[in-house]
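Asks: Below are the structure tokens for one structure; questions will follow.
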Amino acid sequence: MGSENQSTVTTFVLLGFSIYPELKSVLFLVFCLVYTLTIAGNITIIVIIKNDPHLHTPMYFFLTNLSLLEICYTSNIVPKMLSDILTENRSVSMLACITQLYFFGSLGSTECFLLGVMAYDRYLAICHPLRYRSLMNNKVCVHLAASSWLSGFLATLIAVSLISQLHFCGPNKIKHFFCDLQPVLKLSCSDTFITETIAGTFASIILLGSCLLTVGSYVQIISTILRIPSSEGRQKAFSTCISHLTVVIIFYGAMIFMYVKPTTANSFGFNKILALLYTVVTPLLNPFIYTLRNKDVKKALRKAAGNIWITEKNASFLR
Ligand SMILES: *[C@@H]1O[C@H](CO)[C@@H](O)[C@H](O)[C@H]1NC(C)=O
Numbered sequence: 003m004g005s006e007n008q009s010t011v012t013t014f015v016l017l018g019f020s021i022y023p024e025l026k027s028v029l030f031l032v033f034c035l036v037y038t039l040t041i042a043g044n045i046t047i048i049v050i051i052k053n054d055p056h057l058h059t060p061m062y063f064f065l066t067n068l069s070l071l072e073i074c075y076t077s078n079i080v081p082k083m084l085s086d087i088l089t090e091n092r093s094v095s096m097l098a099c100i101t102q103l104y105f106f107g108s109l110g111s112t113e114c115f116l117l118g119v120m121a122y123d124r125y126l127a128i129c130h131p132l133r134y135r136s137l138m139n140n141k142v143c144v145h146l147a148a149s150s151w152l153s154g155f156l157a158t159l160i161a162v163s164l165i166s167q168l169h170f171c172g173p174n175k176i177k178h179f180f181c182d183l184q185p186v187l188k189l190s191c192s193d194t195f196i197t198e199t200i201a202g203t204f205a206s207i208i209l210l211g212s213c214l215l216t217v218g219s220y221v222q223i224i225s226t227i228l229r230i231p232s233s234e235g236r237q238k239a240f241s242t243c244i245s246h247l248t249v250v251i252i253f254y255g256a257m258i259f260m261y262v263k264p265t266t267a268n269s270f271g272f273n274k275i276l277a278l279l280y281t282v283v284t285p286l287l288n289p290f291i292y293t294l295r296n297k298d299v300k301k302a303l304r305k306a307a308g309n310i311w312i313t314e315k316n317a318s319f320l321r
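The structure is reproduced here in structure tokens:
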């Protein structure tokens, strides 16, 4: 076995966008701008909700958690990608690569669970309004959010520990801008069948499970809303879940697209564009969807902006 002395790869190179050297500065600027906006937008959501007592409800508690998640999710990918675009040294150690893969999988799973929990929260609020307060009390909220994070990080542990056991003997060039599952598995010299099967099974269970919970909740929600006699009442009930529904549709839309993409489209650029959609674009959209579509958040935002303005005015009086 050891007589051939197969070399063992300990670092990878992320090819990323290096095939477009002429676009280097444009790509860097665009991604830098989007990343800054994503972080600023999601932090704004967290701060606004924390500071406005009107928004201290389960729905907004889960929303701050989702914003926190989006910050982690995009920060796991984009800073390294930006530095890779800018510098010639695009190498990444085996450990860093596996860590990135682990966080990518864990945070993605957490997002599935959290979106499911948020749909269930809307289901209770709309279909069982009288029992909602007692069913979705503070303790339950904290437990549900904490278990989403915990199960996300535990579920990915098995697959990633299997991947860390694989042998890599070169080539070491990853045709992607981060350490995603498929591109990493492709480089292994070991038999990846078991690892691939287990990772695929976990991913399918998590995705299908949370998707069913979400779809089930919305079927109940919509049938309840349709039974509300007044159109004003219908609109009011619907407006509380439209933002979440939009986020859900974008998230699962991207996921389904990734799974059922035609094999002919499995070409080089396509995978990357799809990956950009859920690592860069979706985390940016969340805060905008919630602030633009949601009257309560808009009101809180205006109030906060007003407070800053008043404080500044007072400060200028004091000067
Ligand atoms: C998210 O949920 C966890 C677990 O319940 C909680 O400890 C944390 O404070 C929440 N984060 C935010 C930003 O709301």
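Numbering (our numbering) for the sequence shown: 3 to 321. Backbone N, C-alpha and C define an ideal beta-carbon position, used for all residues, glycine too.
Look up I176 in the DSSP assignment and give the residues it is bridged to.
Replies: The residue given as residue 176 occupies position 174 in the sequence shown. Note: I176 sits in a beta bridge opposite L16.
Asks: Given the structure, does Y115 come close to ligand 1, in the sense that its CB is under 7 Å from one of the ligand's heavy atoms?
Replies: Taking the first residue of the sequence shown as position 1, residue 115 is located at position 113. In the sequence under discussion, the amino acid at residue 115 is Phe, which differs from the Tyr named in the question. Answer for F115: no, Cβ out of range of ligand 1.
Asks: Over the uninterrupted alpha helix (DSSP H) stretch that includes S190, give me the two end residues.
Replies: Within the sequence shown, residue 190 is the residue found at index 188, counting from 1. No alpha helix (DSSP H) holds S190; DSSP gives it neither H nor E.
Asks: Cα-Cα, which of K141, S206 and H56 is closest to S111?
Replies: The residue you call residue 111 lines up with position 109 of the sequence shown. Measuring from the Cα of S111, the nearest candidate turns out to be S206.
Asks: Name the two residues that bound the continuous beta strand (DSSP E) containing S1.
Replies: Nothing can be reported for residue 1, as the shown portion of the chain is limited to 3 through 321.
Asks: With DSSP as the reference, please indicate the residues paired to S233 in a beta bridge.
Replies: In the sequence shown, counting from the first residue as 1, residue 233 sits at position 231. In the DSSP output, where bridge partners are listed per residue, S233 has none listed.
Asks: What residue from I100, S108, T203 and I45 has the CA that sits closest to L168's CA?
Replies: Residue 168 sits at position 166 when you count from the first residue of the sequence shown. Of I100, S108, T203 and I45, the residue nearest in Cα terms is I100.
Asks: Please name the residue in C143, C34, S9 and L183 whose C-alpha comes closest to that of A161.
Replies: Within the sequence shown, the letter at position 159 stands for residue 161. Checking every option, the nearest Cα to that of A161 belongs to L183.
Asks: Using the three-state DSSP reduction, which class does V94 fall into: helix, strand or coil?
Replies: Along the sequence shown, one-based indexing puts residue 94 at 92. V94: strand per DSSP, three-state reduction.
Asks: Which residue marks the beginning of the alpha helix (DSSP H) containing S9, and which one marks its end?
Replies: Position 7 of the sequence shown holds residue 9. It is not in any alpha helix (DSSP H) - S9 carries neither H nor E in the DSSP assignment.
Asks: Distance check for L276 and M260, CA to CA, integer angstroms please.
Replies: Numbered from 1 along the sequence shown, position 258 holds the residue referred to as residue 260. Numbered from 1 along the sequence shown, position 274 holds the residue referred to as residue 276. Distance between the alpha carbons of M260 and L276: 7 Å.
Asks: Identify every residue that forms a DSSP beta bridge with F63.
Replies: The count along the sequence shown starts at 1 and reaches residue 63 at position 61. None, per the DSSP bridge assignment.
Asks: State buried or exposed for I244, treating a residue as buried only when at least 16 other CB atoms are found within 10 Å of its CB.
Replies: Residue mapping note: residue 244 aligns to position 242 of the sequence shown, counting from 1. I244 should be labelled exposed.
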